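Quick note on full-length UniProt numbering: the sequence shown kicks off at 1 and runs consecutively.
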Amino acid sequence: MTSITSVELNFLIYRYLQESGFTHSAFAFGYEAGLNKSPIDGNSVPPGALVTFVQKGLQYFEMEANLTCQSDADLEEDFSFLKPMDLITKDVNQLTQMINERRKKRQKDKNKGLEKEHGRDRGRVREKERREREKEVVKDRKNVNNDNDKEQNQLHGDRTGREMVTDKEDMVVKQEKSGAFEGPEPMDISTASTSQPCEIPSSDVTVLEGHTSEVCACAWSPTGSLLASGSGDSTARIWTISEGRCKTGSQKPLDVVVLKHVRGRTNEKNKDVTTLDWNGEGSLLATGSYDGQARIWTTNGELRSTLNKHKGPIFSLKWNKKGDYLLTGSFDKTAIVWDVKTEEWKQQFEFHSGPTLDVDWRNNVSFATSSSDHMIYVCKIGDNHPIKTYSGHQGEVNCVKWDPTGSLLASCSDDKTAKIWNMKHDKYLHDLKEHSKEIYIIRWSPTGPGTSNPNKKLVLASASFDSTVKVWDAELGKSIYTLSGHREPVYSVAFSPNGEYIASGSPDKSVHIWSLKDGKIMRTYTGNGGTFEVCWNKEGDKLAACFADNTVCLMDFRM
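Next up, the structure:
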């Protein structure tokens, strides 16, 4: 058996200390171990050699423990991979005993599952037999009824056709009451009930294909018929959507521009497009990527700017209304304001102690940031300190959004609450606490003073991991509706431009469109993958949704 010498081990430890930044410790250790006299060529030792050596040793130990307890019967079973501390603190015999116990439990659970499956099979057989008997009974009774009808027709030829129908109906009702006739098969009932009026037909859906990984972001241009999408395949795409109704099924659009965030190969995970946003004129698209860079593109796909200063993935990115500044929030705990004209960073804000999860402009020069450190800061270009600090949340603050007038700030958190703040007070105005799990996203309605729908009430929507969307009265801080229709967490919500409807998307593969008049589902669509984001076009007659199956779906919506 090959063995490692103390000199070789000492050198690996020395290199590990050196690579880990423990410079002084490495020097002291190397001096005392006399490594300067060692014949080992340091250039031949790859980086991370000690960690690799230890990992391989643990893997060998793990394989030895598994093979020791395997018989010919279970050689094809998967290895029971043990935790590193088990491998370090226990000998082979102890590990073998642990694996055997684990296998016995797994076999026991497997047997239980088989028993349940056999039970379900027997139940299905019995149910089928019962329904076959019922069919025979119904068939026999129908034959008897037909014979009776013939006899009655001969005796009472003057009966009207209407009376005959009445007699048949009475017989069916009696059969239902007696339990002999229980209606059609469950499959028939299911087939009839799936074609609900609210299901969006495939003729009103266009599926945009081209991405090669999940599509996690989408946004309509505010001025035209362009739709942008961002994906884990290291690209964003700008789709030109023709006016009029959507066309059935998957198709290649008339025009699509691919914005590559890496040259050559795609699907490099550090190039995931995490967020995107159009400027107010719809002439420029900004994208944020997992590589920490923000990029600005023209509508024809030209890369106009690459903005590089963040030290971690960009989680959020927003244009100000004027379009002269771009705001980015990053995992590196900072937010940066970029001067679009000079293509340089104007100011970096380093107030948070955790990753910056979201950013949102209040006006052209001030904005809010939220973080995993539970804090919210309102910042202003030129100021080196926050102009407002909000500290009411007890968990990560996932999202912040200013209302259309910039007077109210809404936030939501892993602490299961949403809160509404204003600039006049340090404490929240309303604490919205009716969700039972983390709240992922919030959105204001495009209604109330200062909007194109000034006569409608301003409301706030919150989407949660409890599978519901709640709609709140912003003035009173009271829940108006609880929208319960999803089976899994809700990742996205979007108000229609007229403020009358709200769309929601979930990993349960469904998109629902709800009416804010009564809180009921008006339309629904089921895709082939989880839904990451939904967004309306400016006219409000098309809804886009991006899915985990690498597609973007366009749905016609006309009431």
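Even for Gly, the Cβ is constructed at its ideal location relative to N, Cα and C.
Computed from a predicted model, the values in this text were never measured in an experiment.
Taking the alpha-carbon positions, what's the residue i to residue j distance?
i: S316; j: Q293; result: 12 Å
i: D549; j: G232; result: 11 Å
i: L307; j: V552; result: 27 Å
i: Y305; j: E343; result: Per the sequence presented here, residue 305 reads as Ser, with Tyr not at that position. When rounded, the distance between both Cα atoms is 6 Å.
i: V262; j: G48; result: 28 Å
i: S38; j: N93; result: 38 Å
i: I40; j: T389; result: 57 Å
i: H393; j: S467; result: 21 Å
i: L303; j: E434; result: 45 Å
i: T266; j: A286; result: Note that T266 scores a pLDDT of 48, beneath 50, so its modelled location is shaky and nothing firm can be said.
i: K198; j: Q97; result: Per the sequence presented here, residue 198 reads as Cys, with Lys not at that position. So the two alpha carbons sit approximately 58 Å from each other.
i: I200; j: S462; result: 24 Å
i: L327; j: D339; result: 9 Å
i: S464; j: A219; result: 21 Å
i: R558; j: N384; result: 49 Å
i: V273; j: H374; result: 25 Å
i: E77; j: V54; result: Since pLDDT at E77 reaches only 46, below the 50 mark, its modelled position is unreliable, and no value is offered.
i: N320; j: V359; result: 11 Å
i: P355; j: G34; result: 44 Å
i: V205; j: L554; result: 5 Å
i: W421; j: L408; result: 6 Å
i: I189; j: W514; result: Its pLDDT being 26, under 50, I189 is placed unreliably in this model, and the coordinates cannot settle the point.
i: I502; j: N537; result: 13 Å
i: S492; j: T275; result: 13 Å
i: T369; j: W472; result: 22 Å
i: W444; j: K322; result: 21 Å
i: Y325; j: N364; result: 8 Å
i: A544; j: Y14; result: 56 Å
If you run the structure through DSSP and keep just helix, strand and coil, what is residue i?
i: D204; result: helix
i: S3; result: coil
i: F53; result: helix
i: L327; result: strand
i: G21; result: coil
i: I420; result: strand
i: Q394; result: coil
i: T96; result: helix
i: Y14; result: helix
i: T551; result: coil
i: G30; result: helix
i: S316; result: strand
i: S496; result: coil
i: K322; result: coil
i: L432; result: strand
i: L516; result: coil
i: L476; result: coil
i: L543; result: strand
i: K104; result: helix
i: L357; result: strand
i: S504; result: strand
i: residue 593; result: Since the displayed the chain opens at 1 and closes at 559, residue 593 lies outside it and no answer follows.
Where DSSP assigns a beta bridge to residue i, which residues make up the other side?
i: Q347; result: V337
i: E199; result: T524
i: residue 565; result: Missing from the structure shown is residue 565; the chain here goes from 1 to 559 and no further.
i: I238; result: A228 and V257
i: I441; result: A463
i: T468; result: S484
i: R295; result: T287 and T306
i: F532; result: Looking at the DSSP assignment, F532 forms no beta bridge with any residue, so it has no partner.
i: Y377; result: T369 and T389
i: L276; result: T287
i: V400; result: S411
i: C216; result: Answer is none; C216 lacks a bridge partner.
i: V511; result: G505 and Y525
Looking at the C-beta of residue i, does it have a partner C-beta in chain D at a distance below 8 Å?
i: D291; result: Absent from the structure: chain D. Only one protein chain is present.
| said: Pairs of beta-carbons, one from the stretch 474 to 482 and one from the stretch 521 to 531, closer than 8 Å: are there three or more? | reply: no
| request: Indicate whether the contact test is met: 3 or more Cβ pairs, each with one atom in the stretch 434 to 452 and one in the stretch 402 to 415, closer than 8 Å. | output: yes
| message | If contact is defined by three or more beta carbon pairs under 8 Å, each pair taking one atom from either stretch, is the stretch 508 to 527 in contact with the stretch 210 to 218? | response | Pairwise C-beta distances place the stretch 210 to 218 out of contact with the stretch 508 to 527, as fewer than three of them are shorter than 8 Å.
| Contact the stretch 427 to 435 vs the stretch 444 to 459: 3+ CB pairs below 8 Å | When Cβ pairs closer than 8 Å are counted between the two stretches, the stretch 427 to 435 is seen not to touch the stretch 444 to 459, the count staying below three.
| message | Measuring CB atoms only, is the stretch 483 to 492 touching the stretch 501 to 514, in the sense that at least three cross pairs come out at less than 8 Å? | response | Yes: the two stretches touch, three or more of their Cβ pairs being nearer than 8 Å.
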